[in-house]
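Per our numbering, residue 23 is the first one in the sequence shown, and the count goes up by one each step. Report on one structure; see the data block that follows.
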Amino acid sequence: MTTRTLLPISFLVNLVFSLIELSLGIRIILKLFAANPGTPFVDWMYNATSPLLAPFNGIFPNPTLRGGSVLEMQTLIALLVYGFIAYLITYLVDYLNARMIDTDSETEERVVVRKRR
């Protein structure tokens, strides 16, 4: 039985997008608690996630809360969009995987029928 599978691709997509979502989630928390951008970790996190936010900059204003906290609307939108993209890619990969398995099953049935003749 030769079953081709795209499950490693689905796993990789989920892994990459989970890391993106985790990074953006950490950024939201750091901004909400007005973390000091002068510390190495916070600076690194802001620099690492900035390219992910570039397409969403300026869509909505970022409300500033008490104590310098910021609710970054573009980060919230990015979380939603990247989550939706991950869902679509995973759905497509799963759909293609199911089609490939169906095709393999049909091919095996034809081989079995030919051998019986």
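Note that CB positions come from ideal geometry on N, CA and C, so glycine has one too.
Enclosing alpha helix (DSSP H) for residue i [first to last residue]
{"i": "L54", "result": "L29 to L54"}
Buried versus exposed call for residue i [16 or more other C-beta atoms within 10 Å across all chains shown]
{"i": "T71", "result": "buried"}
{"i": "L10", "result": "No statement about residue 10 is possible, as the shown extent of the chain runs from 23 to 139 and does not include it."}
{"i": "L46", "result": "buried"}
{"i": "A76", "result": "exposed"}
For residue i: DSSP bridge partner residues
{"i": "T86", "result": "V92"}
Residue i, DSSP secondary structure in three states
{"i": "T61", "result": "coil"}
{"i": "G80", "result": "coil"}
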